[in-house]
Each structure stands twice: as structure tokens, then as C-alpha cells.
Amino acid sequence: MRAPRECGSWWWDLDGVTAPGLGAALATAARMADVLESGGLLEPASLEWSWWQPGVGGLGSHSRLDLAGRRIDAASVAERAEACRPAGYPAAEMSSILVLGRGMWWDGKGNSRWEPGLVELTVSPDPVSSWAELAVHHDVWARYDFRGRPQPAVHARNAPRLAAALRGLDALLGVDGEPGEPTYFGTAVGHGLKVPDVIDGLGPDLTDLL
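Numbered according to numbering that gives the first Met the number 0, the sequence shown spans residues 0 to 209.
In C-alpha cells, the structure reads:
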């Protein structure tokens, strides 16, 4: 099951590590996506972002750009992204960029399944600051599903893959990712998800907000 909020996230402060700006952000996203794709967690298919303008704020305008087989850091991708700027706001700037695509997980019987948005990779094209974030919304990474039922086989087949990807991203970026804020659906700790409080062998039932 997929939660409307993340059940775990990790954030990398890249100021002084990578250059700010759109080109550098797309280059960072491409390198991070390579790590995630090698583990079967993300096949990049499109980019999505919104627009804002200094002194105005959010414009309520959103853009989505299909990669159509191109690498995220291809020069043509940056050019096409810039061309999506709202015509009435020539000074508009891009918000954080979400990399969309599918990933693979394994069920309790060992069957592989493709899932859109299995992980969400976000990078900042801010001209003065750079950062990246990885978030997960599904319960396949946890020891207990969103109904509170133990799922040792699912956890054993998927959680180590997420942990390996996070370690790979730390090594790639030269910065350790910081766990994000807890949400109703889970808490990131280290390179995985915190085990919830268990009562009579069951975790919390979170389906009231699904």
C-alpha cells in the first residue's frame, strides 16, 4: 500500500559539495538515479516541478517533462525545462524537481512487481543552494505493513535493497543523508525505517488515513 505522506525520507545538504543551479541539479539527479536504477528502485521516466517568482511566491503553475529515453542531465532536457516557463512570468523560477518513474519490489512469495513512484527523488535547482532528498511511501520497506501485520519475508527482500541504495548515495555524494521528519506513517532511522511499537505481535493500524 502507498501512503499519502512519506513513511521515510533522507536529505542531503549539498552546499559546497555540488554547484547550485539547474544544470548542476540535473547532473546530481542523473548520478543519483544511476545508483537507484542499478538497484532496481527507479527507472526515470519524467520530471515534475512547479513555478514561483521572487516577490510573488507560488504561481500555481506546474510542469511535467517526459524524458523520452534521454538522460536527466542531457543538455536538451535543461533547455526543454526552461522552455516550460509560464509566458506571463518571464522571471519565474523552478521549484524543486521530482524525478518520476517506476521501481521493482518483491512480495512475500518472492515475486517481483513494478510499482510507479516506488521511491521519489527530488533535487533543488536553486541558484544559490543545492540539496537532494529521497522519500518512500510504501510499506514494503517496513517490518509491519500499514495494517500492523508483520511481514518478515517482504521486509527481508526489500529493506536491504533500500539500505544499499542509501549507502550508495552517501558514497556518491560524499555526504551522509540525514533522516527526515517523522510522519504518521513512519520514521526514517539510519538507512531504513524505525520499528514501531508492537502490541500483541502487531504494529499500529495506519489505514484510517489511507
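Yeah, the Cβ is synthetic: ideal placement off N, Cα and C, and Gly gets one too.
Helix, strand or coil: how does DSSP classify residue i here?
| i | result |
| --- | --- |
| Glu-81 | helix |
| Val-139 | helix |
| Met-93 | strand |
| Ser-49 | strand |
| Gly-191 | strand |
| Asp-12 | strand |
| Met-0 | coil |
Ordered along the chain, which non-local residues of its own chain (more than five positions away) have a Cβ less than 6 Å from that of residue i?
| i | result |
| --- | --- |
| Arg-70 | Ala-29 |
Please classify residue i as buried or exposed, where buried requires at least 16 other C-beta atoms within 10 Å of its C-beta.
| i | result |
| --- | --- |
| Met-93 | buried |
| Arg-63 | exposed |
| Pro-43 | buried |
| Leu-209 | exposed |
| Ser-123 | buried |
| Ala-131 | buried |
| Ala-86 | exposed |
| Tyr-183 | exposed |
Which residues in the same chain as residue i place their Cβ atom closer than 7 Å to its Cβ, once the five residues preceding and following it in sequence are excluded?
| i | result |
| --- | --- |
| Ala-23 | Thr-17 and Ser-129 |
| Pro-19 | Asp-125, Pro-126, Val-127, Ser-128 and Ser-129 |
Kindly indicate which residue of the options has the alpha-carbon position closest to the one of residue i.
| i | options | result |
| --- | --- | --- |
| Ile-198 | Ser-45, Lys-108, Arg-146 and Phe-184 | Arg-146 |
| Ala-162 | Val-76, Val-118 and Leu-209 | Val-118 |
| Ala-67 | Trp-50, Gly-39, Ala-26 and Gly-100 | Gly-100 |
| Gly-15 | Gly-116, Pro-203 and Pro-126 | Pro-126 |
| Val-194 | Gly-102, Asp-12 and His-154 | His-154 |
| Asp-144 | Val-55, Val-76 and Thr-206 | Thr-206 |
Would residue i pass as a contact of residue j if the rule is Cβ separation under 9 Å?
| i | j | result |
| --- | --- | --- |
| Ala-158 | Gly-191 | yes |
| Trp-48 | Ile-96 | yes |
| Asp-72 | Ala-26 | yes |
| Ser-8 | Val-135 | yes |
| Leu-21 | Ala-80 | yes |
Quick one: what's got a C-beta closer than 8 Å to residue i's C-beta in the same chain, skipping five residues either side?
| i | result |
| --- | --- |
| Leu-171 | Arg-30, Met-31 and Val-34 |
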